[in-house]
Each structure stands twice: as C-alpha cells, then as structure tokens.
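Asker: Structure incoming, see below.
Residue numbers (the UniProt record's numbering): 1 to 193.
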C-alpha cells in the first residue's frame, strides 16, 4: 500500500508542476502549450502528455486550481470523520456553485478532449485525495475495497457533476442541492460505517 501512495504522491507533484508552469505562462501573457508548461518546471514533454493531452484543458484546470482551499481549511472545525467527509462534499458543491461558469467551461474542455482511445483526460481528483486523507485520519474498520467504494460514492455526490445532475436534470434549487448532497453523504456513511 505505501508504494501506491508514494506513486500517487509523485503523480500529484508532477501534475501540480505542470499546472504551476501553465499558471506562470498565463501570468506572463505567453501562449500555453502542454510542453511549454511542463518545461517551466523540468517535466519532460513525453511525461506532460500523460497528464494533459490538450492545452485548453490544461489552461482550464490551471485556472480552477487556483481557487481550491487546502484540506485543513476545508475540514476546519470538523473533528469526527463523518463531519469531515460531509464538509469536503459540501465544499466542492459550493465551489462549483461559486465558480459555475468556469467549471462548466472546464467540463466542456474535458468532454472535447475525450476520445475512445484516451477515455478522456485524467483530472486532478482533489476531492478524492481529501476523502482519502480524512479516512486515513480515523479508524474505520473498512477494507481497502470498501474504502475505495466509499470514496467513489462520495466523489460522485459532489462537485460540478452533482450540480449538473441536481440543478440541470432534477430541477433542484441550490439550497435543495445542498440538502440532497448532505442526505447522500449521510446515507453512504450510515451504510459504510
């Protein structure tokens, strides 16, 4: 298990280095390409294309990456696992509401980058890493498979994807959407824990 976490941490650092390079180029008013963003922090061109196949998607994510709070700020005041996981879910839903136009553009860029061969662009998964971190801070008695199932369920219940399902498809108001996300989190945790 530690090797997987180590590889995941290295992948996250590499991805972040490419995003940081894109933000630097943007701040300097330069054209952003995947290779140029990677080169800013010494990441090879070949490696960079494993993370981002499309410059538009890279730019969209680089802009979004600026707006996310660190884990400690998201779970501030939450002491137990249940409240931490719920805080993470509600944070990512609220973030999607606060930056809805940008998230919709990012999602559109992500959809344009999808091909049958690539199965789409790999996304940052910030919520996934937060869920894993919260779970690692508490004894749950869950097997690795059960933890992964819970993380996948929580991931699906929040963010822009949940906003689209709840607002665009189900016709919920933003307040109703928050209530539904809270309900889904509680139901999953009741089942899993």
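Note that the Cβ used here is the ideal one computed from N, Cα and C, for glycine as well.
1. Whole angstroms is fine: what's the gap from residue 114's alpha carbon to residue 192's?
2. Is it buried or exposed for residue 45, if we count other Cβ within 10 angstroms and need 16 for buried?
3. What is the rounded straight-line gap between the Cα of residue 24 and the Cα of residue 142?
4. Output yes or no for whether 8 angstroms exceeds the beta carbon distance between residue 109 and residue 175.
5. If I'm right that residue 163 touches residue 96 with Cβ under 8 angstroms, what's the distance once you round it to whole angstroms?
6. Examine the Cβ distances between the region 71-78 and the region 7-24 and report whether three or more of them are shorter than 8 angstroms.
7. Along the alpha helix (DSSP H) that carries residue 219, what are the first and last residues, could you check?
8. Residue 27 to residue 38, Cα distance in whole Å?
9. Less than 8 angstroms between the CB atoms is what I'm expecting for residue 88 and residue 131, so what's the real figure, rounded?
10. What does the alpha-carbon distance come out to for the pair residue 1 and residue 153?
11. In its own chain, which residues sit with a C-beta less than 7 angstroms from the C-beta of residue 72, not counting the 5 before and 5 after it?
12. What do you reckon, are the CB atoms on residue 235 and residue 181 nearer than 8 angstroms?
13. Using only CA atoms, which one of 58, 86, 33, 10 lies nearest to residue 204?
14. Just mark residue 60 as buried or exposed, buried being the case when its beta carbon has 16 or more other beta carbons within 10 Å.
Answerer: In brief:
1. 33 angstroms
2. exposed
3. 42 angstroms
4. no
5. 4 angstroms
6. Counting Cβ pairs under 8 angstroms, fewer than three are found: no touch.
7. This structure leaves residue 219 out entirely; the chain is present only between 1 and 193.
8. 15 angstroms
9. 6 angstroms
10. With a pLDDT of 41 at residue 1, under the threshold of 50, the predicted position of this residue should be treated as unreliable, though the coordinate-derived value follows. Each residue's alpha carbon lies about 21 angstroms from the other.
11. none
12. The requested residue 235 is not part of the displayed model; the chain covers only 1 to 193.
13. The requested residue 204 is not part of the displayed model; the chain covers only 1 to 193.
14. Here residue 60 is buried. Its C-beta has 16 or more other C-beta atoms within 10 Å.
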